[in-house]
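Mapping the sequence shown onto the numbering used here, position 122 (from 1) lands on 146, and the numbers just tick up by one. All remarks here apply to the structure that follows.
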Amino acid sequence: MADCVFCAIVAGSVPAFKVVDSPDGVGFLDTRPVFKGHVLVVPRTHVVTLPELPPADLPGYFGLVQRVAAAVPEALGATGTFVAINNIVSQSVPHLHTHVVPRTKGDGLRGFFWPRTKYADDAEATAYAEKIAVRIT
(Lines of atoms letter the chains of each structure in order from A and count residues from 1; the text may use other names and numbers.)
(Lines give C-alpha, C1' and ligand atoms only; values in the text may rest on other atoms or scores of the structure.)
Protein backbone atom coordinates (compact mmCIF):
# COMPACT_ATOMS: atom_id res chain seq x y z
CA MET A 1 0.00 0.00 0.00
CA ALA A 2 1.57 3.26 -1.15
CA ASP A 3 0.87 5.40 1.92
CA CYS A 4 1.64 2.79 4.60
CA VAL A 5 4.92 3.41 6.43
CA PHE A 6 5.20 -0.25 7.44
CA CYS A 7 4.77 -1.37 3.81
CA ALA A 8 7.53 1.11 2.92
CA ILE A 9 9.78 -0.40 5.61
CA VAL A 10 9.07 -3.90 4.26
CA ALA A 11 9.89 -2.66 0.74
CA GLY A 12 13.08 -1.00 1.96
CA SER A 13 12.09 2.50 0.84
CA VAL A 14 11.86 3.80 4.42
CA PRO A 15 14.81 3.07 6.72
CA ALA A 16 14.32 1.08 9.90
CA PHE A 17 16.49 -0.69 12.44
CA LYS A 18 15.62 -4.19 11.25
CA VAL A 19 16.24 -7.23 13.41
CA VAL A 20 14.83 -9.75 10.94
CA ASP A 21 13.67 -9.73 7.33
CA SER A 22 12.13 -13.03 6.27
CA PRO A 23 9.46 -14.30 3.86
CA ASP A 24 7.02 -14.37 6.80
CA GLY A 25 7.54 -10.78 7.87
CA VAL A 26 9.88 -8.07 9.05
CA GLY A 27 10.90 -7.15 12.60
CA PHE A 28 12.29 -3.72 13.42
CA LEU A 29 12.79 -1.49 16.44
CA ASP A 30 9.87 0.71 17.47
CA THR A 31 10.95 4.34 17.10
CA ARG A 32 9.16 5.16 20.37
CA PRO A 33 9.91 2.06 22.44
CA VAL A 34 8.29 1.22 25.75
CA PHE A 35 11.75 -0.10 26.68
CA LYS A 36 14.85 -0.19 24.51
CA GLY A 37 14.80 -3.29 22.34
CA HIS A 38 11.00 -3.02 21.74
CA VAL A 39 10.45 -4.73 18.37
CA LEU A 40 7.51 -4.49 15.97
CA VAL A 41 6.89 -7.55 13.80
CA VAL A 42 4.81 -6.99 10.65
CA PRO A 43 3.62 -9.31 7.90
CA ARG A 44 5.01 -8.58 4.45
CA THR A 45 1.54 -8.18 2.97
CA HIS A 46 -0.62 -5.20 3.90
CA VAL A 47 -3.42 -6.18 6.24
CA VAL A 48 -4.78 -3.84 8.88
CA THR A 49 -5.88 -6.24 11.60
CA LEU A 50 -5.19 -9.77 12.77
CA PRO A 51 -8.57 -11.07 11.52
CA GLU A 52 -7.55 -9.99 8.00
CA LEU A 53 -4.36 -12.06 7.99
CA PRO A 54 -4.97 -15.09 5.75
CA PRO A 55 -5.13 -18.32 7.80
CA ALA A 56 -2.36 -19.81 5.68
CA ASP A 57 -0.04 -16.99 6.85
CA LEU A 58 -0.65 -17.52 10.58
CA PRO A 59 1.94 -20.26 11.23
CA GLY A 60 4.77 -18.39 9.52
CA TYR A 61 3.89 -15.00 10.99
CA PHE A 62 3.44 -16.21 14.55
CA GLY A 63 6.49 -18.44 14.20
CA LEU A 64 8.44 -15.28 13.42
CA VAL A 65 6.89 -13.46 16.41
CA GLN A 66 7.83 -16.44 18.58
CA ARG A 67 11.44 -16.35 17.37
CA VAL A 68 11.70 -12.62 18.08
CA ALA A 69 10.12 -13.11 21.53
CA ALA A 70 12.79 -15.74 22.28
CA ALA A 71 15.65 -13.59 20.98
CA VAL A 72 14.83 -10.35 22.80
CA PRO A 73 15.42 -11.53 26.41
CA GLU A 74 18.48 -13.53 25.43
CA ALA A 75 19.96 -10.56 23.57
CA LEU A 76 19.18 -7.92 26.16
CA GLY A 77 19.37 -9.76 29.46
CA ALA A 78 15.65 -9.25 30.06
CA THR A 79 13.63 -11.73 32.10
CA GLY A 80 10.87 -12.05 29.50
CA THR A 81 8.70 -10.17 27.05
CA PHE A 82 5.29 -8.60 26.70
CA VAL A 83 3.74 -9.52 23.33
CA ALA A 84 0.69 -7.59 22.14
CA ILE A 85 -1.40 -6.65 19.11
CA ASN A 86 -3.80 -3.73 18.83
CA ASN A 87 -6.64 -4.05 16.34
CA ILE A 88 -7.90 -0.60 15.28
CA VAL A 89 -8.05 0.99 18.76
CA SER A 90 -4.59 2.29 19.74
CA GLN A 91 -3.20 1.07 16.44
CA SER A 92 -1.09 4.06 15.39
CA VAL A 93 -0.20 2.57 12.00
CA PRO A 94 -3.01 0.77 10.17
CA HIS A 95 -0.91 -2.28 9.29
CA LEU A 96 -0.96 -5.39 11.48
CA HIS A 97 1.98 -5.33 13.87
CA THR A 98 2.91 -7.29 16.95
CA HIS A 99 4.79 -5.60 19.77
CA VAL A 100 7.56 -7.59 21.43
CA VAL A 101 8.64 -5.61 24.49
CA PRO A 102 11.52 -6.70 26.76
CA ARG A 103 10.42 -7.06 30.39
CA THR A 104 12.17 -7.38 33.72
CA LYS A 105 10.51 -7.65 37.13
CA GLY A 106 10.21 -4.19 38.63
CA ASP A 107 10.58 -2.39 35.29
CA GLY A 108 7.64 -0.13 36.13
CA LEU A 109 5.26 -1.25 33.36
CA ARG A 110 1.77 -1.52 34.82
CA GLY A 111 -1.31 -2.55 32.91
CA PHE A 112 -1.59 -0.95 29.52
CA PHE A 113 -0.09 2.45 30.33
CA TRP A 114 3.04 2.40 28.24
CA PRO A 115 5.50 5.17 28.99
CA ARG A 116 7.75 5.76 26.01
CA THR A 117 11.48 6.38 25.78
CA LYS A 118 13.92 7.22 22.98
CA TYR A 119 17.21 5.88 21.72
CA ALA A 120 20.09 8.31 22.32
CA ASP A 121 20.98 8.18 18.63
CA ASP A 122 21.03 5.93 15.57
CA ALA A 123 24.16 4.18 16.80
CA GLU A 124 22.41 3.07 19.99
CA ALA A 125 19.38 1.90 18.02
CA THR A 126 21.64 0.01 15.60
CA ALA A 127 23.38 -1.70 18.52
CA TYR A 128 20.04 -2.87 19.98
CA ALA A 129 18.86 -4.11 16.57
CA GLU A 130 22.09 -6.03 16.03
CA LYS A 131 21.96 -7.65 19.50
CA ILE A 132 18.49 -9.01 18.76
CA ALA A 133 19.14 -9.92 15.12
CA VAL A 134 21.99 -12.31 15.95
CA ARG A 135 19.74 -14.25 18.36
CA ILE A 136 16.90 -14.92 15.91
CA THR A 137 17.06 -18.52 14.80
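Glycine included, every Cβ here is placed at the ideal spot set by N, Cα and C.
Residue span of the alpha helix (DSSP H) that contains residue i, given as start and end
i, result
"Lys166", "Nothing can be reported for residue 166, as the shown portion of the chain is limited to 25 through 161."
Where residue i falls, given that 16 or more other Cβ within 10 Å makes a residue buried
i, result
"Ala99", "buried"
"Val66", "buried"
"Pro83", "exposed"
"Thr150", "exposed"
"Pro57", "buried"
For residue i, the three-state DSSP class (helix, strand or coil)
i, result
"Lys42", "strand"
"Leu120", "coil"
"Val72", "coil"
"Leu64", "strand"
"Gly101", "coil"
"Thr50", "First, the amino acid is wrong: residue 50 is Val here, not Thr. Correct three-state label for Val50: strand."
N-terminal and C-terminal residue of the beta strand (DSSP E) that residue i is part of
i, result
"Thr109", "For the sequence presented, residue 109 should be read as Ile rather than Thr. Counting along the chain, the beta strand (DSSP E) containing Ile109 begins and ends at Gly104 to Ile109."
"Phe59", "That residue, Phe59, is in no beta strand (DSSP E); it is neither H nor E in DSSP."
"Val34", "Here Val34 belongs to no beta strand (DSSP E); instead the alpha helix (DSSP H) covers Val29 to Ala35."
Neighbourhood of residue i by C-beta, 7 Å cutoff - its chain only, sequence neighbours within 5 removed
i, result
"Arg217", "Here the chain comprises residues numbered 25 to 161, so residue 217 is not present and cannot be evaluated."
Spatial neighbours of residue i in its chain, beta-carbon cut-off 8 Å, leaving aside the 5 residues before and after
i, result
"Leu88", "Val44, Ser46, Asp48, Gly49, Gly51 and Val65"
Residues near residue i in its chain [Cβ-Cβ closer than 6 Å; skip 5 each side]
i, result
"Tyr85", "Asp48, Gly49 and Pro67"
Residue i vs residue j beta-carbon contact at 8 Å
i, j, result
"His119", "His70", "yes"
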